[in-house]
Amino acid sequence: MKLSLVAVDLDGTLLGGTSGRYGFLPAGVEALRLAARQQAIVAIATGRDLPFILELLEREKVNPVVESWPQVIVSEERCIHYLNDGMVYVPDAEWNDKILQAERSRFDAILQGVNELLAGELAAIDPSASRVMGEVEQRRGFVEIRFGSADAARSSEAVLSAWLRSHKLPYTAVRNVAGIAIRHASAGKGPVLLEVCRKLGIAPPELLAIGDSCNDLSMLDGRLGFAAAVPGNAESEVKAAVQAIGGYIANGRFGEGVAEAVNRALTDPPFAAGGKAG
119 MKLSLVAVDL DGTLLGGTSG RYGFLPAGVE ALRLAARQQA IVAIATGRDL
169 PFILELLERE KVNPVVESWP QVIVSEERCI HYLNDGMVYV PDAEWNDKIL
219 QAERSRFDAI LQGVNELLAG ELAAIDPSAS RVMGEVEQRR GFVEIRFGSA
269 DAARSSEAVL SAWLRSHKLP YTAVRNVAGI AIRHASAGKG PVLLEVCRKL
319 GIAPPELLAI GDSCNDLSML DGRLGFAAAV PGNAESEVKA AVQAIGGYIA
369 NGRFGEGVAE AVNRALTDPP FAAGGKAG
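Start counting the sequence shown at 119; every next residue gets the next number (our numbering).
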């Protein structure tokens with residue numbers, strides 16, 4: 119099956135590994151340019167907001183107006199923006215409004231529950247655990263907790279997930295290194311990219327997802343049928359999940375790993391079976 123869409127995470131995947139600055143490695147950018155030249159759609163899928171992404175692309179000399187990619191941006195792990203014929207990113211208003219309303223619908227109940235857990239079970243795991251600034255949560259519409267370490271966040275995932283299940287809330291505890299965000303089940307990179315596939319008429323196995331952290335698992339663990347790859351610096355849990363579905367484990371770190379995976383997919387489709395590098 120052909121490669122029709124490459125969806126790549128930013129932080130820790132395409133973004134990082136540079137010396138003296140936090141930027142893109144040239145190999146990753148060139149591989150995505152090659153994919154775009156070979157008629158694959160390129161998507162950025164990240165928790166970052168759209169202004170940050172556009173400023174980053176400009177800083178890293180990726181000019182969508184000139185190069186016509188990335189054709190799709192998924193921001194905040196929920197909102198979709200398509201590059202139109204005028205080389206302007208246009209939001210998918212219907213989808214974005216629906217998912218924003220869903221995330222905000224139980225904000226107060228989740229906030230109260232998380233505060234109670236922070237005073238009890240979560241404090242027992244990590245006394246330093248705390249929510250991000252309230253105005254940030256209100257603006258984004260979801261609750262997020264920061265822990266003192268990734269290990270403390272790992273231990274807290276089960277507590278938060280059990281609380282959500284016990285209250286029958288359609289939300290998930292999504293860990294990203296030492297932080298956990300409480301996100302609606304319809305949010306997340308996997309479900310949002312599935313909607314992108316539906317809109318663009320792309321079969322899920324024609325999508326190659328590349329990420330490094332646990333918040334990327336919904337697009338990497340095979341549940342939605344996507345092909346998957348990780349750079350060499352990915353978290354151990356993420357590597358294990360991708361390996362379990364026969365995905366590609368790159369030797370290269372950050373953008374060099376992105377380049378490995380994309381070049382492999384372009385030269386050796388179908389890619390869903392993937393395989394470990396080396």
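Backbone N, C-alpha and C define an ideal beta-carbon position, used for all residues, glycine too.
On the three-state DSSP scale, how would you describe L282?
helix
Could you name the residues of the same chain whose beta carbon sits closer than 7 Å to that of A368, not counting the 5 residues immediately before and after it, in chain order?
A347, V348, P349, G350, G375, E378, A379, A395
Taking a contact to mean a Cβ-Cβ separation below 9 Å, would you say L342 touches A125 in this structure?
no
Using CA atoms only, rank isn't needed, just tell me which of V261, F265, E355 is closest to H302.
V261
DSSP state of P209, grouped into three classes?
strand
Below 8 Å on the Cβ atoms is my contact criterion, and I expect F265 with A291 to pass it. Report the Cβ-Cβ distance as a whole number of Å.
Actually they are not in contact, since the Cβ atoms of F265 and A291 sit about 12 Å apart, beyond 8 Å.
Exposure of A163, with buried meaning 16 or more beta-carbon neighbours within 10 Å:
buried
Using three-state DSSP, classify A391 as helix, strand or coil.
Confidence at A391 is low in this model, with a pLDDT of 40, below 50, so the placement of that residue is unreliable and no value is reported for it.
So, with DSSP's three-state summary, where would you put R249?
strand
Just to confirm, are I328 and D129 a CB contact at a threshold of 9 Å?
no
Looking at the unbroken alpha helix (DSSP H) that takes in V356, where does it start and where does it end?
354–362
Looking at L150 and P182, is the spacing between their C-beta atoms short of 9 Å?
no
Give the DSSP bridge partners of E262, in chain order.
A299
Could you check the C-alpha separation between L318 and E176 for me, to the nearest Å?
26 Å
Can we say the stretch 280–297 touches the stretch 220–229, given the rule of at least three CB pairs closer than 8 Å?
yes
Indicate the three-state DSSP secondary structure (helix, strand or coil) for N381 in the structure shown.
helix
Beta bridge counterpart(s) of R293 as assigned by DSSP:
I298
Within this structure, are the beta carbons of V356 and L338 separated by less than 9 Å?
yes
Bridge-paired residues (DSSP) for S193:
C197
Inter-residue spacing [alpha-carbon to alpha-carbon] between G238 and L278:
12 Å
DSSP three-state label for F142, please.
strand
I think L335 touches A359, with their Cβ atoms under 8 Å apart; what is that distance to the nearest whole Å?
6 Å
Give me whichever residues DSSP pairs with D129 in a beta bridge.
L133
So what does DSSP say about I328, is it helix, strand or coil?
strand
Rounded straight-line distance, which links the Cα of C332 to that of R272
10 Å
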